[in-house]
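Numbering (our numbering), first residue to last: 2 to 450. Positions of the beta carbon are idealized from the N, C-alpha and C atoms, including for glycine. None of the values given here were measured: they were computed from a predicted structure. Comments concern the structure below.
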């Protein structure tokens, strides 16, 4: 490998950055309902196929305004959770909000934390004869969800603080490989992003401390029949890499994977196969010439507003209640709000964040479930070789469809929005709003020449 250095007893040498890493277990301690999969039987489970974790990397010294990246084995993360951690780090340590990012792995084997309308029981065969019956959560189920949310909040703070505490001089380097187990789930010839960017954290003697990798694929290699806690291919990849490199921490973030899923699914052997493919690519990169990173990230954020295409009127909501799918259930919830004097949202608050590691790499953190069109376009308009794209970051509020996907319709543009408690599909103009904001926050040196 091209990046190495003689041991220095933690004294700074040229090219090093203070980096800390940490890992905590977030596996639920009680039976709990799992998030994701409309067709999954909505009953609590205490079966654990694979333990869940939150892992963190802290970059930079106190004088450099440190940054913290957390990757957590959850289907999503809500802004209230991210905001709580950001406030604690800002108040206690002076860390700037733009220097914190939480990325969810989007495993569908993680607990329900309240970011989805997930209190419905499936009836009939999916998808041919499929409907729902209203089913309020029991007090026990609500208690277990509340207990997990409390555990999650504490563990996220713990892992961030531990990573900051563990900072010491390190070498950072990154490179890109490709893996090919994702497919576009909307259409056979649809766009994909098969890139596998990997960031390595090494001690000054060359020992591997952490691996952060990213791939754009849904975490659904195990299907709705598996009502057990697990990290899916993302968790299995972490476990495989850590087994190959004892003492190192492996972390996964997800790219613009809103419309991408594994080609082969519903079997644990496929999950392990994908993990092996990723681990092999990571090991291949580790033996190759990597690009050094010599600057800690400089963060920028901007909240923007994404308009919905058409907020329904009261009469339209009344008509929607006749629908036996999630759209009808959402309409009943929305009508209750209107009766209480609440208004339905006309726009979605959306956070765009960039981290620039000098001129060596820019990491773009997008909320929600962005579809792959965002990756395709940004890699065409920016320097793709120095670009890292995280979806599912900071606030997984809903699917973020592109202009093309919204125009075509389908699950990502339409039905999914009701699962996320949104009144309608997004407007086609949201793609331009997001892309222009990314350009605004990205240093000019990363623009394609």
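Specify whether the region 251-265 and the region 360-376 touch according to this definition: at least 3 beta carbon pairs, one from each stretch, less than 8 Å apart.
Contact holds: three or more Cβ-Cβ distances are below 8 Å.
What does the Cβ neighbour count give for residue 164, buried or exposed, with the cut at 16 atoms within 10 Å?
Walking along the chain shown from the start, residue 164 turns up at place 163. So residue 164 ends up on the buried side.
Relative to the C-alpha of residue 311, which residue among 149, 25, 64 and 430 is closest?
Residue numbering aside, residue 311 sits at position 310 when the chain shown is read from its first letter. Answer by Cα proximity: 430.
I'd like to know whether the C-beta atoms of residue 366 and residue 391 end up nearer to each other than 7 Å.
Numbered from 1 along the chain shown, position 365 holds the residue referred to as residue 366. Numbered from 1 along the chain shown, position 390 holds the residue referred to as residue 391. Yes, they are a contact pair.
Taking DSSP as the reference, what is the three-state secondary structure of residue 236?
On the chain shown, residue 236 is found 235 positions in, with the first residue counted as 1. Residue 236: helix per DSSP, three-state reduction.
Tell me the DSSP secondary structure of residue 295 in three-state form.
On the chain shown, residue 295 is found 294 positions in, with the first residue counted as 1. Residue 295: coil per DSSP, three-state reduction.
Out of curiosity, what's the CA-to-CA distance linking residue 174 and residue 186?
Your numbering for residue 174 matches position 173 in the chain shown. Your numbering for residue 186 matches position 185 in the chain shown. Straight-line Cα distance between these residues: approximately 33 Å.
Compare the beta carbon distance of residue 370 and residue 306 with 7 Å and say whether it is the shorter of the two.
As a position in the chain shown, residue 370 is number 369, starting the count at 1. As a position in the chain shown, residue 306 is number 305, starting the count at 1. No, they are not a contact pair.
Among the residues of its own chain, which have a CB less than 7 Å from the CB of residue 10, if the five just before and after it don't count?
As a position in the chain shown, residue 10 is number 9, starting the count at 1. Note on residue 10: pLDDT 36, under 50, position unreliable in the model; the coordinate value appears next. Around residue 10: no qualifying Cβ.
Rounded to the nearest angstrom, what separates residue 281 and residue 251 at their Cα positions?
Sequence index remark: in the chain shown, residue 281 carries index 280 (1-based). Sequence index remark: in the chain shown, residue 251 carries index 250 (1-based). C-alpha separation (whole angstroms): 14 Å.
Does residue 407 pass the burial test, meaning 16 or more other C-beta atoms within 10 Å, or should it be called exposed?
Indexing the chain shown from 1 puts residue 407 at position 406. Buried, by the Cβ-count rule.
Count the other CB atoms within 10 Å of the CB of residue 410; is the residue buried (16 or more) or exposed (fewer)?
Position 409 of the chain shown, counting from 1, holds the residue named residue 410. Residue 410 comes out exposed.
With a Cβ-Cβ cutoff of 7 Å, do residue 301 and residue 442 count as a contact?
Residue mapping note: residue 301 aligns to position 300 of the chain shown, counting from 1. Residue mapping note: residue 442 aligns to position 441 of the chain shown, counting from 1. Yes, these two residues count as a Cβ contact at 7 Å.
Measuring only the C-alpha atoms, how far is residue 449 from residue 437?
Position 448 of the chain shown, counted from the start, is the residue given in the question as residue 449. Position 436 of the chain shown, counted from the start, is the residue given in the question as residue 437. So the alpha carbons of these two residues sit roughly 15 Å apart.
By a C-beta neighbour count over all protein chains shown, 10 Å radius and 16 as the cutoff for buried, is residue 355 buried or exposed?
Taking the first residue of the chain shown as 1, we reach residue 355 at position 354. Buried is the call here.
Can you say whether residue 338 is buried or exposed, counting buried as having 16 or more other CB atoms within 10 angstroms of its CB?
The residue given as residue 338 occupies position 337 in the chain shown. Residue 338 comes out exposed.
Quick one: grab the DSSP three-state call for residue 7.
Counting from 1 along the chain shown, the entry for residue 7 is found at position 6. Below a pLDDT of 50, predicted positions are generally treated as unreliable, and residue 7, at 33, falls in that range; no measurement from the model is reported.
Measure the C-alpha to C-alpha separation of residue 22 and residue 61 and round it to an integer number of angstroms.
Residue 22 sits at position 21 when you count from the first residue of the chain shown. Residue 61 sits at position 60 when you count from the first residue of the chain shown. Cα-Cα distance, rounded: 12 Å.
Below 6 Å CB to CB, which residues in the same chain sit around residue 1 once its five sequence neighbours on both sides are set aside?
The requested residue 1 does not occur in the structure, where the chain is confined to residues 2 to 450.
Report the CB separation of residue 447 from residue 353 in whole angstroms; it is logged as a contact under 8 Å.
As a first step, residue 447 is located in the chain shown; it is residue number 446 there, counting from the start. As a first step, residue 353 is located in the chain shown; it is residue number 352 there, counting from the start. So it is not a contact: roughly 15 Å between Cβ atoms.
Let me check understanding here. Comparing Cα to Cα, which of 20, 44, 222 and 64 lies closest to residue 57?
Sequence index remark: in the chain shown, residue 57 carries index 56 (1-based). Comparing Cα positions, the closest option is 20.
For residue 49, write down the residues that DSSP places opposite it in a beta bridge.
Residue 49 sits at position 48 when you count from the first residue of the chain shown. In the DSSP output, where bridge partners are listed per residue, residue 49 has 230.
Spell out the partners DSSP gives residue 60 in its beta bridges.
Taking the chain shown and counting its residues from 1, the one referred to as residue 60 is at position 59. Beta-bridge pairing links residue 60 to 20 and 68.
Rank 389, 232, 425 and 159 by C-alpha distance to the C-alpha of residue 346 and give the top, closest one.
Here residue 346 is taken as the residue at index 345 of the chain shown, counted from 1. When each option's Cα is compared against that of residue 346, the closest is 425.
What residues in its chain sit with their C-beta under 8 Å from that of residue 386, if we drop five residues either side in the sequence?
On the chain shown, position 385 is the one that residue 386 refers to. Taken in chain order, the residues that qualify are 177.
Is it buried or exposed, residue 304, if we count other Cβ atoms within 10 angstroms and call 16 or more buried?
Locating residue 304 in the chain shown gives position 303, counting from the first residue. Counting Cβ neighbours within 10 Å, residue 304 comes out exposed, since fewer than 16 surround it.
In terms of residue numbering, what span does the beta strand (DSSP E) encompassing residue 374 cover?
Start at 1 with the first residue of the chain shown, and residue 374 comes out as number 373. Residue 374 -> not in any beta strand (DSSP E); alpha helix (DSSP H) instead, spanning 374-382.
Report the CB separation of residue 295 from residue 361 in whole angstroms; it is logged as a contact under 8 Å.
If you number the chain shown from 1, residue 295 lands on position 294. If you number the chain shown from 1, residue 361 lands on position 360. The pair is a contact, with the Cβ atoms about 7 Å apart (cut-off 8 Å).
Select from 228, 167 and 229 the residue whose C-alpha is nearest the C-alpha of residue 210.
Here residue 210 corresponds to residue number 209 of the chain shown, with the count starting at 1. Cα-wise, what sits closest to residue 210 is 167.
Would you tell me roughly how many angstroms separate the C-alpha atoms of residue 52 and residue 317, rounded to the nearest one?
One-based indexing of the chain shown puts residue 52 at position 51. One-based indexing of the chain shown puts residue 317 at position 316. Each residue's alpha carbon lies about 45 Å from the other.
Round the Cβ separation of residue 145 and residue 36 to the nearest angstrom and send it over; I've been treating them as touching at under 8 Å.
Taking the chain shown and counting its residues from 1, the one referred to as residue 145 is at position 144. Taking the chain shown and counting its residues from 1, the one referred to as residue 36 is at position 35. So it is not a contact: roughly 13 Å between Cβ atoms.
Please report the distance separating the alpha-carbon of residue 299 from that of residue 63.
Residue 299 sits at position 298 when you count from the first residue of the chain shown. Residue 63 sits at position 62 when you count from the first residue of the chain shown. Whole-angstrom Cα-Cα distance: 13 Å.
Would you call the region 40-54 in contact with the region 179-194, where contact means no fewer than 3 C-beta pairs closer than 8 Å?
Judged by Cβ distances under 8 Å, the region 40-54 makes no contact with the region 179-194, as fewer than three pairs qualify.
Tell me, please, which residues DSSP counts as bridged to residue 73.
Here residue 73 refers to the residue found at position 72 when the chain shown is read from its first residue. BP columns for residue 73 point to 55 and 105.
How about residue 239 and residue 253: do their beta carbons lie closer than 7 Å?
Looking up residue 239 in the chain shown gives position 238. Looking up residue 253 in the chain shown gives position 252. Contact: yes.
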